[in-house]
Structures are given as C-alpha cells and as structure tokens.
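Read the structure below first, then the notes.
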Amino acid sequence: MIGVGPSGPTGRAAGRSSTRASEREHWIALSMVPGIGPAAFAQLLRRHESAAAAWAAGSAGLAGIARLPAGVGAAFDAMRRQDPRTLARQVIERSARVDGRVLTSHDDDYPPALLTLDPRPAVLYVAGDAAAFRERAVAIVGTRRASGYGLSTASEIGADLAGAGVVVVSGLALGIDGAAHRAAVASGGRSVAVLPSPLDRIYPPRHRPLARDIVRGGGALVTEVPIGAAVGRPDFARRNRVIAGLSEAVVVVEAPDHSGALLTAAAANAIGRELYSVPGPIDAMASRGTNRLIADRQAELVTSSAGLLRQIGLRLTAKPPAVTSLSEVEGQLLRHLLERSGSIEELMERTRHPAAAVASGLALLEARGLVNSFGGATVHPTLAARRLAGVV
Amino acid sequence: MLATTLSASIVGVDGVPVRVEVDVAFGLPGLTIVGLAGSAVLEARERVRAAIRNSDFVVPPRRITVNLAPADLPKEGTGHDVAIATALLVASEQLSGDRLGRTALLGELALDGSLRPVPGVLALVSAARAAGAVEAIVPCENAAEAAAVSAITVRAAPTLRATVRHLAGVEALAPVAALVVPSGTPTLADDVPDLGSVVGQPVARRVLEIAAAGRHNLALTGPPGVGKTLLARATAGVLPPLTEAESTEVCRIHSVAGAPRDGMGPGGRRPVRAPHHTVSTQALVGGGPRVRPGEASLAHRGALFLDETLQFRADALDALRGPLDAGAVTIARVDAVLALPARFMLLAAYNPCPCGWWGVDGRECRCEDGPRRRYQARLSGPMRDRIDLLVRLDPVLRDGSGPAERSTVVARRVARAWDAQLARQGIANAELPADDFDAAHGFERRVLARLEERARQLGLSLRRLHRAARVARTIADLEGSTPTLPQHVDEALFHRPTEAAA
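Chains A and B, in that order, are what the protein sequence lines are.
Quick note: the first sequence uses our numbering, first residue 1, plus one each step.
Quick note: the second sequence uses our numbering, first residue 1001, plus one each step.
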C-alpha cells in the first residue's frame, strides 16, 4: 500500500492508541481539520502509525510536516477540544440528510481508481451509486465560457462515451462540464460529478437540477469537502486532481489560456492519465489552451468523437437515429450545417432560401434533435445529425 | 340663493362628472370650498375672486359655500374654476341660470378673467356628455381636442366675460367643428429611421415585420454596434395605422397626461415611447399621489421601446409584468382601484453581457462570471416568458444583395396583415385568447397537432406554446393564408427566446 502508512482506519494500531473512539472516527475527524490535505494526512499517518495517534499528538505532532498553511496547528487544537467520535458522527449524519455517505480510503466503495494516487483523498463524501466508480471512466473538462462549438463538441463526446458504456466524469461547472454531464445523462449513461463544495451546497447553484439528474441516472456526486466546512472559496485545485484520478483519460474540449481546465490537464499528466485535447480555430481565444496542449505534445489530438473512442479502445455502439423523412429544404440545411456550423444569415446565403423557410426548417431540425444553437446565433449539427448523414 | 353648474374631474385616465353647487347666504363674508378638493382646487378661491372682479362683476360680500359633488371623490386640478365662477354669478343673481342645466363648463381662470387650457379635456367632455350635457364650453386652446367628442356641441370661450355673454344669450359662442384627420398610411416621422437605411440583417427584418404585424413583444440582442437600437426604432415606422376606436383611447390618455397628440387620429401613427433607462417605476407604469398615466399607458396601442433593457431598474421592469399580461396598469389606492389602459407592444434591445460579446463565436467576452450572470439575470424569467420573438444579431456585416426594402413597403404588408386580423377577430393576434385557437381563427386540427408535438419535443410551457401559436397566426396573416400552417408554427418557434446555455 502506498502513501497511507502502515495501518488503515480499521488497522491494528487503532485499539492500541485509543480506547474511547475507533480509528475510523479519528480518521474522519483528522481529515476534517482545515489545512490538512491528502499529502499532510499521509505524512501524519506515516509518522504516527494511526489517525488516532496523530489526533492524540495534536499540533505538536505536526512539526516538520511539509507545506502546511499557517494556523493549522491552532485550528487542529481547537477541533481537538471536541470528541472525534462526535465530530465524525455529526458529519456522517449531516451527509445522510442529503443522501450522502462518508467513504474512507479503506472502505469497499472507495473508488478503486483513486487508490493508485499518492497521496489520495483520505475521505470522500459521496451521493449516488458507488457502482459508478467501478466502471471505465473518462473525464471531459473545459472552460466555463464555452462557445457553441465547444458545447456541441462536449455534448457529442459525452453522448458517445455514455453510449459506449463509459462513465463521464466532470466538475459540474457551467459551460463544457455541464454540457458533458448533460449529454451523458440524456443518452442514458452514468456520470460522476466531482464537486468543489460540500454535498449540501452544490456549486454552482444553477446546476442543482443537473446534479439531481446525475444521481437519478445511476451516477454519483463526489467531493473531498466535508459538510459543515467553513464557507470559503470552492477548492478547485483538489477537485481537479480527483477528476483526473477517477478517470483513465481526460479530454479537454475547450480552454483559453489560464483556464482551470488546464490545471486538470496538468494533474492528468502528473498522475499518469491519458490526456486528449480538442483543437479549435487558431484565432479563437477560447481554444488557445487546448491548441497549446497539442502543440506542446502534452495531449493527444482529438479529430473526432469516434476517433477518440478508438484510441481508448472502445467502439461506437451507435444505433442510427430514427428520423422520419426530411423535406428538401431541411435536408439542404442539414447538409450545409454538417459541412460547417453557421448562423441563420449564413444559411440563407448558402441555400438561397428566404428567412421564413430557413427559420422554420431549423426549428424542425431542432425539434428532432438534429441541430442545436446553445442559445447563441450559430447553429450546430448534433451527434444524431452526423450519424444520420453517416459522417461518423 | 343656490346655483348648480356642471364640470368634470379626471380619475386615472377617465373623466367623472362633477356638479358644482354654490350657495350665497347671509353671514360673515368669505368663500369656502368643500368636497375633497385638492390644493389646486382650493386656490380656485383666489383665482375666481380676481377673475370675477376683473371681468366687471362683483363677488358679493356674503358667506359663499362651494360644494363639489360627489363630495367623496378627491378632486384635483384647476378645471373647475369656470364652473365655480359661473355658479357664483348665478347664485348672486348677476346671471340667469336658465341655460346652465345642460352646459358643461371646463377651464382654468387667469386673474384677468381669461380661460386657460386644462389637461384631459377629451375625457372631461366625454364625462359631461355622459352626464347629460348637450353643450360644453372649453378654453380656446382645448377646443380642437374637445371637438373630437361626438354628440355634444363644443364652444370655445376666450374669457369668463364671453362665457357669461353666451350664457345670458347676448352673444353666442360659435360651435367648434371637429378637426378632420386625413386617413391613409402615415408618413414616417423625422425621428423614425427608415428600414431602407439598415444594412443587411435579413432575419431581424423578417422578425420585426412579424412582430409589428401582430403586435408581438420583440427583443433584439447582440454585441454593441450591430444596429439593435436602429432596428427597434425602425419597427415603430412599420406599425399598422390606428383604428378609430384605438385613436380615441390613445388621444384620451395623451390628453390627460398633457402630452402632444399630433397625428394620433384615426389612421394615424401609433405612439412609440422610449423612456430612458433611469426612469422611475412610477414614471414608467404611472401612479403617484395624483394618478398620472406613465410611459406604459402613453404607449397604449403603440410600442414601448426599452433601449438597454437590462439597465432599467429591476423593480421598474417587474412592474411591467402586469400591463404585459392584462393590458392595463392597476393602481390600488385607499379610496379606489384604478385601471390605466396600457396595451403596448414591448420592444427590448440589450447587450448579451456587460462587455457585449458573450456568446458571439470567435470573440472573447471580457466579463467576470459573477457580474455577467447578475446582468443576465436582470431579465427575470417571468419577463423573458412574455417576450414572443427574440433576434440574436450577428456582428458580421455583409453587403446586402441590392438596396434594402424601405419602411413604406414593409408597412403596406403589415397593414394588410393587420386588416386581416381586424376582419377576423377585431383585435391584434397578440391579444387573441387561447380559447380562440380554433378553426374559425385559422387553427385547424393539423396545426394544433403540430403545436402539441413541438411542445413535447422542445419541452415548452403552455404560455410559450400559446405565444408561439399567436405568432404563427401573424405569419399566416402576413402570407395572406387563411389557415395557420405547420411551417408557420416552426418559424414562430425558431425565434422564441431561449436561455443561453449554462
């Protein structure tokens, strides 16, 4: 076993060092100390042999632990005034109230993929079906300020992966993350959302309905942040590492310079996950980060959703969508869109049809799920449209 | 002795007849006005005294009581001056009251005895007619406006003296003839841009033509400089002409508000109001201690253009929900609930985010997420629900193929579609109740089936569905089609407002 120390929360050391609280409860309580992350937790276990011993040692036992933020000792001692059993029980009960569970890295349901990490999250808070962690998983991440192209691509890859039985992992953020989750759930697949916030404060609030749909669809919500943690900035860095850790591959769909998605990409490289990047136009600010990943040979180039699936050893299980006959105008519009996405004005120019005909044609294509404008001016063909045309 | 004259007061935008009773009795000399008179009415005391004296009559040194009936109705303004002065002259036996019974007296008095105009004469004269008056004497400046009321003889009086001479039968005031407003397509006002000057934007043109034809609420959004404001203002230039009934309603409101009514006769131009985004809620929807029509009522039967819609105060925008649904602003007071007509077409124009480039492919939005979302949330869900048509303008400028169509050409098509609506149902398609989505209104079974199918496919609310049905009906009217066709539904749905992807 790497990184966790000689004993687990149910290990031999427990009975020896504590008579009043079990090792599991000490383990949970210790993981809740603000400022003690996975790395510090692992070092403490190595030094004290058990969470109970580390708890008993208090702030004095923190000496020499690398990169601890200031004030951790004081916070630790403040917490130690309470019974670790009470602390653990409280967080377990409060999690249960939002249908969540507390998983230590020694519990059976703890995601196996995370066991390969060093250090790994000592405790996870999970809502939904833990079985989702035992299937093949691929992460799709990207910018919150996504373009229609990005959203369309994220949806397509998300739907394809879900269709092939792969769990789609992402961070529940607005933009690319949301599109990927949504596509996976919509095509009947499982999705796992890694939150930067506690289970009872789903972030961003606008995605609460999406989070509910993910759980209903047999997926799960995961976070390292305990319920009741002091309100602060959502912890995106730790979240990104978990996203990469849960997945065998990470696909960055669209990311400008300095995007948080690039941190997930860096985490994927650091922990040895495959990294894929979707290219964008060279003049698109929103794609500068993804293009850079490809140029620097940090990520594999994604040329199509099907190509990506082949690269990770999967095959499309596409069934041709059931679409009734399209009229001549609709067919024309779809052909033009498959060639290149465009606004309704561009389509008018390309097809030489009046606004009325193009608008009603596009509405029909939208209603049949063949095009989507994502609330913008540009209309994109969907995965179903590509399948229909045999492009994929 | 007691004398009674007839006057009228404004409540909301309606006139209410008021009987002015004056009693002259022995007692300490003085003039008292009772009957819930506001401060402007109370000051009539001084104006009436001076005007009578300066018209070579006398104010008797007696105890004079003026009662304004109904006594429980709050009265405002200066329009009762002439009625009070005349009643006083009759009560003090300086004038015979024979002709007073069926004559309404309206107007403010200057100290020299001349008559000054008052707002809302249209509504005042209508109220007098309803109270049984066959003749109304109004200040000269109000004469043309008052003459628009039918079935009552309107006479214009320059002074109190002329009024008295007329009533005494010495020298009759000539009746004022109703002004004839030339009908036909109104010409464009100077401040309304011509669609011919708008480059490109074929889709926006098409959608604003649909909106104008059925009076549907229209929103234009897009980055700065694409012509949102220009297009919205041009929409005003293609609205169908006012019908006679509409013209009466519009003129009455503008008259009460003291706003100009130029060109608002039958067949005339619909009012287009463009309040600045700093407008207060009260100025926008009306109200205040003296209830006055707001911009929403002044836009009645016309359009309310909110440029930079999202910069308006949230409470002001929210206050528009009522009129957008009910076609009227309801103002509840301690003593009464007033309904000011406000059935307007909403023209909204706004940037998609504070910097203006959100959602424009190939361009970078520079806004922080928080401020951007707060900005976008200013158009609340309920307001978004009430927008029928939304156009996202593309920043790419293209040379149109040939010169663009001029407003007069579009206006002709719009007027034809408007005539079809009037002939079928007498009201604009935007006002068509959902109960009327039947064969008689051009909704056959197959188009209703298409509506239901799309509602299921696109997850539309019932309200959205009804709005799309009305827009589809307008598209059919523009094409001169008696039945609404499935493709009309689809075009209407394509332009429905959708939430930008999160």
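Where is the CB? At the ideal position from N, CA and C, for every residue including glycine.
So residue i is in the alpha helix (DSSP H); what residue range does that whole segment cover?
i, result
"A1434(B)", "Element bounds for A1434(B): n/a, residue is neither H nor E."
"I294(A)", "R288 to A295"
"E339(A)", "E328 to E339"
"R1416(B)", "S1407 to Q1425"
"V1207(B)", "P1202 to G1214"
"M1345(B)", "Run containing M1345(B): none in the alpha helix (DSSP H); it sits in the beta strand (DSSP E), M1345 to Y1350."
"P38(A)", "P38 to H48"
"S360(A)", "A355 to A367"
"P1371(B)", "D1369 to A1377"
"T1482(B)", "No alpha helix (DSSP H) holds T1482(B); DSSP gives it neither H nor E."
"V1256(B)", "E1244 to V1256"
Skipping 5 residues on each side, what residues in its chain have a beta carbon closer than 6 Å to that of residue i?
i, result
"A1003(B)", "V1022, A1087, V1090, A1091 and G1097"
"A137(A)", "V167, V169, L246 and S247"
"G1120(B)", "I1010, S1255 and V1256"
"E224(A)", "P121 and R238"
"L1115(B)", "G1107, P1139 and A1157"
"E1295(B)", "R1273, P1275 and L1284"
"A1211(B)", "L1218 and L1389"
"A173(A)", "R144"
"D1315(B)", "T1281"
"S373(A)", "V379"
"A1008(B)", "G1015, P1017, V1018, L1124, A1127 and A1128"
Residues of chain B with CB closer than 8 Å to the CB of residue i, please, in chain order.
i, result
"A377(A)", "G1222, G1359, V1360, D1361, R1392, L1393 and D1394"
Among the residues of its own chain, which have a CB less than 7 Å from the CB of residue i, if the five just before and after it don't count?
i, result
"P111(A)", "F133 and L246"
"R273(A)", "A244, S247, E248, A249 and V250"
"G361(A)", "V329, E330 and L333"
"R1463(B)", "D1385"
"A1472(B)", "T1484, H1488, V1489 and A1492"
"R1129(B)", "V1149, A1151 and I1152"
For residue i, go through chain D and note every residue whose CB falls closer than 8 Å to its CB, in chain order.
i, result
"M79(A)", "Considering every chain present, this structure includes no chain D. Its protein chains are A and B."
Name, please, each residue of chain A whose Cβ falls closer than 7 Å to the Cβ of residue i.
i, result
"D1490(B)", "S360, A363 and L364"
"Q1376(B)", "Correct list: empty, because the minimum Cβ distance to chain A is about 10 Å."
"D1369(B)", "R144"
"Q1487(B)", "S360"
Could you work out which residues of chain A lie near residue i, taking near to mean beta carbons separated by less than 8 Å?
i, result
"R1424(B)", "By Cβ distance, chain A contributes nothing, its closest Cβ being about 21 Å from R1424(B), past 8 Å."
"E1499(B)", "G375"
"H1495(B)", "A359"
"C1355(B)", "Under the 8 Å cutoff, chain A gives no residues; its nearest Cβ is about 12 Å from C1355(B)."
"E1364(B)", "P256, M285 and A286"
State the start and end residues of the unbroken beta strand (DSSP E) segment that holds residue i.
i, result
"F1305(B)", "A1303 to D1307"
"R1450(B)", "Careful: R1450(B) lies outside any beta strand (DSSP E), inside the alpha helix (DSSP H) at R1445 to L1458."
"N1067(B)", "R1063 to A1069"
"H380(A)", "T378 to P381"
"V123(A)", "V123 to G128"
"P1017(B)", "D1014 to A1025"
Can you give the beta carbon distance from residue i to residue j, rounded, assuming they're within the 8 Å contact cut?
i, j, result
"A268(A)", "L275(A)", "5 Å"
"L370(A)", "A385(A)", "4 Å"
"A1085(B)", "L1109(B)", "6 Å"
"A1430(B)", "H1216(B)", "5 Å"
"D160(A)", "L309(A)", "6 Å"
I'd like the list of long-range same chain contacts for residue i, defined as Cβ closer than 8 Å, with 5 residues on each side in sequence excluded.
i, result
"P256(A)", "T143, R145, M285, A286, S287, R288 and G289"
"A113(A)", "F133, A137, G245, L246, S247 and E248"
"L115(A)", "S105"
field: Interface positions of the region 344 to 373 of chain A facing chain B (Cβ-Cβ less than 9 Å), listed along the chain
entry: I344, E345, E346, M348, E349, P354, A355, A356, A357, V358, A359, S360, G361, L362, A363, L364, E366, A367, R368, G369, N372 and S373
message: Taking beta-carbon pairs under 7 Å, can you tell me which members of the region 128 to 146 of chain A lie near chain B?
response: R144 and R145
- prompt: For the region 1200 to 1213 of chain B, which residues have a CB atom closer than 7 Å to at least one CB atom of chain A, in sequence order?
  reply: P1202, V1203 and R1206
task: With 8 Å as the C-beta to C-beta threshold (strictly closer), list the residues of the region 278 to 291 of chain A near chain B in chain order.
output: P281, D283, A284, M285 and A286
task: Check each residue of the region 1453 to 1468 of chain B: if its Cβ is closer than 7 Å to any Cβ of chain A, include it; give the result in chain order.
output: R1454, Q1457 and L1458
- prompt: Along the region 1431 to 1446 of chain B, what residues have a CB closer than 7 Å to any CB found in chain A?
  reply: none
message: Under 7 Å, CB to CB, which of the residues in the region 1235 to 1258 of chain B have a partner in chain A?
response: none
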